[in-house]
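Working notes, beginning with the structure itself.
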Ligand SMILES: [Zn+2]
């Protein structure tokens, strides 16, 4: 009996040891597997991180490329807009030039022509459009005096402005046809003999044929033109007519005709201002310089 118990114990111990070892081996194996799984996960995590990093890098690259593309597109758009604007400017300039040519082509070159005894208007010339000067503006109130329609607003304003400062200006003569001028010339010749050749009305030609020229008088002096120089109206004209585009064609001591203080020709505001400022006579300025003012002759 005493030997039986230790043997049982031994067997139990052996069995226990075997079971323990088996459990240890099993647990060790499980642990090994867990470690392997952990390693695998860790590797995958590293890979995923790397993938993420490279994906992020690629994305950032794509964003940068897209931004560059956007900037380039914007720059192209700006360039395209600039191109369109430049083309529009070119078109506008062309249109303006065409407009200028058209305006110049439609503007009568005779309006600013200098005349002489050898070069004057054709006898068939007459103003393109003329209007009747209202009788209240004329000396004899006849309602038969005509003027180039574009010139009338300038003349009317000049006479109206003068009257506000009690300056009397009456139109004694305006447009005269070649025939009328010839008859007038014959009458002058009869009255003054060969001395009438020094009038601008020489050979029947006159600036009056243009329809841009007027002879002034006052109610007081009437047809006594020779005294016009002494009137306040003449003084006023010498100081103000240029503001309305009118000039004195034949001032004192000019080389062409006798002094005609009553005879005023419309040449446009810009040219009249230049002549007034530079104290020059229209007939002393080269025709080429004068012609530059033709296009804007009726500018206000
Ligand atoms: Zn005249």
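Numbering (this note's numbering), first residue to last: 39 to 338.
Idealized CB from N, CA, C, for every residue including glycine.
| Item | Value |
| --- | --- |
| May I ask you to check if the CB of residue 253 is nearer than 6 Å to at least one heavy atom of ligand 1? | yes |
| Can you say whether residue 196 is buried or exposed, counting buried as having 16 or more other CB atoms within 10 angstroms of its CB? | buried |
| Which residue comes first and which comes last in the beta strand (DSSP E) that contains residue 253? | 251-255 |
| Tell me residue 209's beta-bridge partners as DSSP assigns them. | 176, 254 |
| Measure the beta-carbon distance from residue 262 to residue 306 and round it to whole angstroms, keeping in mind my assumption that it falls under 8 Å. | In fact, because the Cβ distance is near 31 Å, the residues do not count as touching under 8 Å. |
| Compare the C-alpha of residue 199 against each of 330, 278, 317, 96 and name the closest. | 278 |
| In angstroms, rounded to a whole number, what distance separates the CA positions of residue 148 and residue 159? | 8 Å |
| My output table needs one value for residue 237: the three-state DSSP class, helix, strand or coil. | With a pLDDT of 49 at residue 237, under the threshold of 50, the modelled position of that residue is not reliable, and no figure is offered here. |
| Can you tell which of 247, 135, 252 has its C-alpha closest to the C-alpha of residue 211? | 252 |
| Give me the Cβ distance between residue 311 and residue 328, rounded to the nearest whole Å; I'm assuming they're in contact under 8 Å. | The pair is not a contact, with the Cβ atoms about 13 Å apart (cut-off 8 Å). |
| Tell me whether residue 301 counts as near ligand 1, meaning its Cβ is closer than 6 Å to at least one heavy atom of that ligand. | yes |
| Put residue 220 into one of helix, strand or coil per three-state DSSP. | helix |
| Helix, strand or coil, according to DSSP, for residue 170 in the structure here? | strand |
| Is the beta carbon of residue 201 closer than 7 Å to that of residue 184? | no |
| Are residue 189 and residue 304 close, meaning C-beta to C-beta below 7 Å? | yes |
| With 16 other CB atoms within 10 Å as the buried threshold, where does residue 172 fall? | exposed |
| Could you give the distance in angstroms between the alpha-carbon of residue 296 and the alpha-carbon of residue 287? | 10 Å |
| Going by the beta-carbon positions, is the gap between residue 192 and residue 282 smaller than 7 Å? | yes |
| My output table needs one value for residue 190: the three-state DSSP class, helix, strand or coil. | helix |
| Starting from residue 302, follow the beta strand (DSSP E) in both directions and report where the run begins and ends. | 301-304 |
| I need the DSSP call for residue 266, collapsed to helix, strand or coil. | helix |
| May I have the straight-line CA-CA distance separating residue 268 from residue 299, to the nearest angstrom? | 9 Å |
| Give me the Cα-Cα distance between residue 294 and residue 119, rounded to the nearest whole angstrom. | 59 Å |
| Under 7 Å, do residue 343 and residue 338 count as touching if we go by C-beta distance? | Only positions 39 to 338 of the chain appear in this structure, which leaves residue 343 out of reach. |
| Going by DSSP in three states, residue 259 sits in which element: helix, strand or coil? | coil |
| Return the CA-CA distance between residue 241 and residue 129, expressed in angstroms with no decimal places. | With a pLDDT of 48 at residue 241, under the threshold of 50, the predicted position of this residue should be treated as unreliable, though the coordinate-derived value follows. Answer to the nearest angstrom: the Cα atoms are 49 Å apart. |
| What are the partner residues of residue 284, as DSSP defines its beta bridges? | 304 |
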